[in-house]
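Student: In this note's numbering, the protein residues as written are 622 to 861.
Have a look at this one:
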């Protein structure tokens with residue numbers, strides 16, 4: 622029996638019609654997502670999978686209802702430095718790009734391969750409210766003296782208290798010897814003191830400073846002939 626050449630043409634067309642689409646989605650493009658499975662089962666997609674929404678809540682939601690363990694989502698990539706990040710949130714309006722919330726005591730952790738590198742960078746220069754940092758510009762918190770550790774007083778030659786931080790009063794306790802007593806609002810007995818004349822430098826010797834009769838007092842002793850015998854205005858600095 623003689624077969625028509627047209628049958629071979631039709632058969633070839635059917636093979637192409639069935640085989641080509643199968644090859645086109647061989648890595649998963651165009652197929653439905655299978656829950657609880659790897660998608661695709663082997664290989665990897667070569668195009669983006671886009672989920673576009675238009676609603677008043679969220680475009681997608683991922684949650685894990687298992688109690689005690691199990692995360693909500695994990696993202697991995699192999700991008701080089703300066704290329705696309707593994708995760709990017711971009712708000713095209715003026716709202717926040719991200720939020721982190723937890724009922725626990727720690728909201729997150731940033732792990733960097735180079736422990737000397739900055740954990741993140743920003744182009745913003747504004748003040749961050751409630752940020753408590755252990756180091757600033759590479760220096761530990763212990764290397765910075767707190768505002769409460771610095772005290773000073775400005776005193777007139779007649780003992781009048783002018784201004785200060787932590788200082789509350791001053792008197793000229795010995796007029797003949799130009800000795801002054803400055804009182805502070807805390808114990809300064811274990812602090813260091815520096816006193817110096819206000820204005821031009823003293824040409825009759827340095828000023829002495831020592832703890833007074835009370836742990837909250839510092840005695841400043843000027844040379845007897847300072848200011849022609851009347852004393853000099855001075856500044857007293859206390860560092861604790």
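All C-beta atoms in this analysis are idealised placements derived from N, C-alpha and C, irrespective of residue type, glycine included.
Within the continuous beta strand (DSSP E) that includes residue 842, where are the two ends?
Tutor: Counting along the chain, the beta strand (DSSP E) containing residue 842 begins and ends at 838-842.
Student: Determine, using beta-carbon pairs with one atom in the segment 848-855 and one in the segment 769-782, whether at least three such pairs fall under 8 Å.
Tutor: In short, these stretches touch, since the Cβ pair count reaches three.
Student: Using beta-carbon positions only, say whether residue 816 and residue 828 come within less than 9 Å of one another.
Tutor: Yes, these two residues count as a Cβ contact at 9 Å.
Student: Going by beta-carbon coordinates alone, are residue 858 and residue 771 separated by less than 9 Å?
Tutor: Yes. Within cutoff.
Student: Quick check on residue 747: buried or exposed, where buried means 16 or more other Cβ atoms within 10 Å of its Cβ?
Tutor: Answer is exposed; the Cβ neighbour count stays below 16.
Student: Write down every uninterrupted run of the beta strand (DSSP E) in the segment 785-857 whose length is 3 residues or greater and which is fully enclosed by it, in chain order.
Tutor: As far as the segment 785-857 is concerned, its whole beta strand (DSSP E) runs of at least 3 residues are 788-795, 800-805, 813-818, 829-832 and 838-842.
Student: Taking all protein chains shown into account, decide if residue 783 is buried (16 or more other Cβ within 10 angstroms of its Cβ) or exposed.
Tutor: So residue 783 counts as exposed.
Student: Given a cut-off of 9 Å on the beta-carbon distance, is the pair residue 811 and residue 837 in contact?
Tutor: Against a cut-off of 9 Å, the Cβ pair of residue 837 and residue 811 comes out as no contact.
Student: Give the single residue among 654, 657 and 703 whose Cα lies nearest to the Cα of residue 742.
Tutor: The shortest Cα separation from residue 742 among 654, 657 and 703 belongs to 703.
Student: Hey, would you say residue 666 sits closer than 9 Å to residue 690, going by beta carbons?
Tutor: No, they are not a contact pair.
Student: For residue 721, count neighbouring Cβ atoms within 10 angstroms of its own Cβ and tell me buried if that reaches 16, exposed if not.
Tutor: Its Cβ having fewer than 16 others within 10 Å, residue 721 is exposed.
Student: For residue 668, which residues of its own chain have a beta-carbon under 7 Å away from its beta-carbon, when the five flanking residues on both sides are left out?
Tutor: Closer than 7 Å at Cβ, skipping near neighbours: 650.
Student: Could you name the residues that DSSP lists as bridge partners for residue 774?
Tutor: 785 and 857.
Student: In whole angstroms, what separates the C-alpha of residue 844 from that of residue 781?
Tutor: In a straight line, the C-alpha of residue 844 is about 18 Å away from that of residue 781.
Student: Across which residues does DSSP place residue 760 in a beta bridge pair?
Tutor: DSSP, once it has assigned bridges, lists 757 as partnering residue 760.
Student: Less than 9 Å between the beta carbons of residue 841 and residue 832, yes or no?
Tutor: Going by C-beta atoms, residue 841 is not nearer than 9 Å to residue 832.
Student: Can you list, in chain order, the residues of its chain whose CB lies under 6 Å from that of residue 750, leaving out five sequence neighbours each side?
Tutor: Nothing listed; no residue qualifies.
Student: Roughly how many angstroms separate the alpha carbons of residue 657 and residue 729, rounded to a whole number?
Tutor: Looking at the two C-alpha atoms, the distance is approximately 28 Å.
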